[in-house]
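Going by the numbering used here, 1678 is the number at position 482 of the sequence shown; the sequence numbering is gapless. C-beta atoms are modelled at their ideal positions from N, C-alpha and C, and glycine is treated no differently. For clarity, every value in this text was computed on a predicted model and none was experimentally measured. Working notes, structure below.
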Amino acid sequence: MGARADGGFDTWRAVAHPVWLGALALLLLNDHYLKGSGLLPGAVTGKLSDLAGMLVAPALLAALLRVRTGRGLALAHVATGLVFAAIKLSPAAAAAFAWLTALTPFPWRITVDPTDLFAALPALALSYPLFGAVAARPRPVRPAVVRLAAVAGAYACVATSPQRPVCQGDVEQADGTCGPGASDAYGAFVVANQAGTEIVLHVRALRPEVTVECDALLDDPSLRLAPELFEPAESWLLDANRALPLEEQAGRQCSAYVVSSGGGPAALVAWRHWDYPETELWTVASGNPEERLLFVTAAANVATSGAHVVFPPPAEQVPGPAAGCELLPDTVGIAWTEPPVPASQLLVAVTSSPDGCHLLELASGQSLYVCLPAAAALFTPGSTVSIYESGASAGSPRLVIETPAGRVELGRGYQWPSAAAVTFEVTDVPSCGGSRDACGSWGVPLTIWAHDGEETASASSGGALATTSLGSLHVVRAERRPICDTSCGIGALAAGTTPYLEWAHVMPAPAPQP
């Protein structure tokens, strides 16, 4: 680290530059005096640390690694920027970095805040051209100066702000002191760290695209909520006696989270919003209402002091449904393509496949692809057919195929067949309960009942019913999904407590009179 004046590239010159020393002084002053002093808002002191740190760290890293090229200095800037971006954008990366620093005498407390990049990245863009030019400029450096600067810079980069005291029985104020002031969190519950040391808390919320019917969820949340219905975990570094709020999840009447810490077992936290409406809570363990307090113990177990909202974690595997109670796979169902124009045409050819789908080729050159039960396929080549959509509503399309052999009506959604003299109702299939589908949704099979005043008939998915007034109704699917991933499978169609039906209604043509 001796003086160099031969024109060689020397990153120690950057460490001795007034701009670098000024940034170092700002970093030390901000982290060890301004933060928590109340002289500046916390948002300002946080951004000052980021800006000053991005001027100090890359050049110091390059100098300590004895970088002697501009490319090496650029790589030091890239590495610094990538690490900083990762811990500011990813809770998992922040938790991992905090865990690593906890093994050193200088543990970090990291706040995941993407807005910190707005201050840090411009500083990196300024640092590289400035200190690259300084390092390339022939100029002697004094060993004593750079040694002192390196020690101070290393300390500033690894030692965060002094740890604030834990507030016992009081609330931490905006200036970092303890006092009996206003509460500082808004939520339904708080998870408090009562393990006696800092912990990493992992929290998984239900994904936004999952819809839930609260009675079904709270009846047995551990069974009915599949692990895949939850978002990836957010990780939080929680000091001793500190607490993390759990908020109501928007768009629902109940909420569910999976909470775990370290190697301890996970817990499922679920509640109905009107049982525990959001209120102001403290982010310290002491002082919170007992019924709103969940806590993590030294054994990393999540428990509750009063509220009955903590359950075993969602089961990875659940017992399969009984025979006849299975939810149908997405590959089974009623489907059709755009009807032809005009509706009435000569049917030229029919090509059928083993899965119950048929290609109808018409005289106009148009075609219709339709999937329906074999008993509802009344069409034959050489006959005139009339194909049109009728009586459809949002989410419930219906298609009619009229042939010389009879009329076939196909339906999906929530509408019943066109049968004026018949009333319909649905019930859960007796003794079936519910089960998970391939997407992790919780579904319940249904039975359709038809009454025409004189006759009553019923059928479930895959069956058929018939009365004199109705003809025959082939029930392809009758289900509901009170807990549903709407982004997967038929979830967007079948979500909720309203029955989702797929059927083919066949009314044979009257027999010819003698």
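Closest residue to residue i among the options (Cα-Cα distance)
i: P1473; options: S1323, G1460, S1456 and L1442; result: L1442
i: D1526; options: G1602, V1399, V1672 and R1438; result: V1672
i: L1157; options: L1689, I1686, C1680 and A1700; result: For residue 1157 there is no data in the structure shown, the boundaries of the chain being 1197 and 1710.
i: F1491; options: E1522, G1447, G1392 and V1528; result: G1392
i: L1728; options: D1551, T1576 and A1571; result: Residue 1728 lies beyond the stretch modelled for the chain, which goes from 1197 to 1710, so this question has no answer here.
i: F1426; options: G1649, P1417, I1686 and L1434; result: P1417
i: A1248; options: A1258, P1254, L1222 and L1256; result: L1222
i: L1689; options: S1592, G1520, V1480 and P1461; result: S1592
i: G1458; options: T1533, V1498, P1485 and A1545; result: V1498
i: A1272; options: A1289, F1327, L1230 and S1589; result: F1327
i: Y1324; options: T1533, I1283, L1313 and L1257; result: L1257
i: V1215; options: L1322, V1263, T1493 and F1280; result: L1322
i: V1279; options: P1678, P1485, L1413 and P1254; result: P1254
i: S1540; options: G1460, S1579 and L1489; result: S1579
i: D1206; options: G1242, L1260, A1219 and E1430; result: L1260
i: P1517; options: S1683, P1641, V1408 and L1574; result: P1641
i: A1634; options: E1605, G1687 and H1504; result: G1687
i: L1316; options: A1282, A1329 and A1289; result: Note that residue 1316 corresponds to Ala in the displayed sequence, not to Leu. Cα-wise, what sits closest to A1316 is A1282.
i: S1431; options: L1397, L1413 and A1463; result: L1397
i: S1582; options: H1504, V1480, L1543 and A1571; result: L1543
i: R1209; options: A1674, H1670, A1270 and P1334; result: P1334
i: L1629; options: H1670, E1534, G1561 and V1514; result: According to the sequence as given, residue 1629 is Gly; it is not Leu. Ranking the options by Cα distance to G1629, first place goes to V1514.
i: S1286; options: R1594, Q1445 and L1433; result: L1433
i: S1627; options: L1419, A1572, S1654 and A1519; result: A1519
i: L1698; options: A1691, S1657, S1668 and V1211; result: According to the sequence shown, residue 1698 is Glu rather than Leu. Among A1691, S1657, S1668 and V1211, the Cα nearest to that of E1698 belongs to S1657.
i: T1265; options: L1251, G1636 and G1204; result: G1204
DSSP three-state assignment for residue i, whether helix, strand or coil
i: T1771; result: Any question about residue 1771 goes unanswered here, given that the chain covers just 1197 to 1710.
i: P1441; result: strand
i: Y1725; result: Nothing in the structure corresponds to residue 1725, since the chain is present only between 1197 and 1710.
i: P1508; result: coil
i: V1367; result: Any answer about V1367 is weak, because its pLDDT of 41 lies below 50 and its placement is not dependable; what the coordinates show is given next. Residue state, collapsed to three classes: strand.
i: G1375; result: Low local confidence applies: a pLDDT of 41 at G1375 is under 50, so the model's placement there is unreliable, with the coordinate-based value given in what follows. Strand at G1375.
i: S1357; result: With a pLDDT of only 46 at S1357, under 50, the local geometry of the prediction cannot be trusted, and the value read off the model is given with reservation. In the structure shown, S1357 sits in coil (DSSP, three-state: anything other than H, G, I, E or B).
i: P1254; result: helix
i: A1462; result: coil
i: D1633; result: coil
i: T1407; result: strand
i: V1596; result: strand
i: D1202; result: Low per-residue confidence applies at D1202: pLDDT is 43, beneath 50, and the placement is therefore not dependable enough to give any value.
i: A1707; result: coil
i: R1261; result: According to the sequence displayed, residue 1261 carries Leu and not Arg. L1261 falls in the coil class under three-state DSSP.
i: A1653; result: strand
i: S1245; result: helix
i: P1240; result: A small correction: the amino acid at residue 1240 is Val; Pro does not occupy that position in the sequence shown. Of the three classes helix, strand and coil, the one that applies to V1240 here is helix, per DSSP.
i: A1319; result: helix
i: V1386; result: strand
i: S1627; result: coil
i: A1331; result: helix
i: A1700; result: strand
i: S1418; result: helix
i: V1362; result: Low per-residue confidence applies at V1362: pLDDT is 41, beneath 50, and the placement is therefore not dependable, though the value from the model is reported in the following sentence. Here V1362 sits in coil by DSSP.
i: P1515; result: coil
Residue i: first and last residue of the uninterrupted alpha helix (DSSP H) it sits in
i: F1280; result: G1266 to L1285
i: C1410; result: C1410 to D1415
i: R1209; result: W1208 to V1211
i: L1192; result: Since the first and last residues shown for the chain are 1197 and 1710, residue 1192 lies out of range.
i: V1215; result: P1214 to L1225
i: G1687; result: G1687 to A1690
Residue range of the unbroken beta strand (DSSP E) whose run includes residue i
i: G1607; result: G1602 to G1609
i: Y1229; result: Looking at the DSSP string, Y1229 is not in any beta strand (DSSP E), and its letter there is neither H nor E.
i: C1450; result: C1450 to S1457
i: G1383; result: A1381 to G1383
i: G1639; result: W1638 to H1647
i: A1401; result: I1395 to A1401
i: V1498; result: V1498 to T1500
i: E1487; result: Premise fails: E1487 is in no beta strand (DSSP E) and is neither H nor E.
i: A1619; result: Looking at the sequence provided, one finds Thr at residue 1619 rather than Ala. That run of the beta strand (DSSP E) goes T1619 to D1624.
i: V1581; result: T1580 to E1585
Proximity test, Cβ basis, 8 Å: residue i and chain C
i: L1669; result: The structure shown contains no chain C; it is built from a single protein chain.
The stretch 1384-1397 touching the stretch 1455-1467, judged by at least three CB pairs closer than 8 Å = yes
inquiry  = If contact is defined by three or more beta carbon pairs under 8 Å, each pair taking one atom from either stretch, is the stretch 1609-1625 in contact with the stretch 1633-1651?
reply    = yes
query = Quick one: complete beta strand (DSSP E) runs, 3+ long, within the stretch 1540-1578?
reply = Counting only runs of 3 or more, we get 1540-1548, 1553-1558 and 1563-1567.
ask   = Which ranges would you report for the beta strand (DSSP E) in the stretch 1655-1680 if only whole runs of at least 3 residues count?
value = 1659-1663
message = When you compare the stretch 1504-1512 with the stretch 1447-1466, are there three or more beta-carbon pairs, one atom per stretch, that lie closer than 8 Å?
response = yes
inquiry  = Can you confirm whether the stretch 1656-1663 touches the stretch 1594-1611 when touching is taken to mean that 3 or more C-beta pairs between the two stretches lie within less than 8 Å?
reply    = no
request  = Would you be able to state if there are at least three C-beta pairs under 8 Å between the stretch 1621-1636 and the stretch 1593-1604?
outcome  = no
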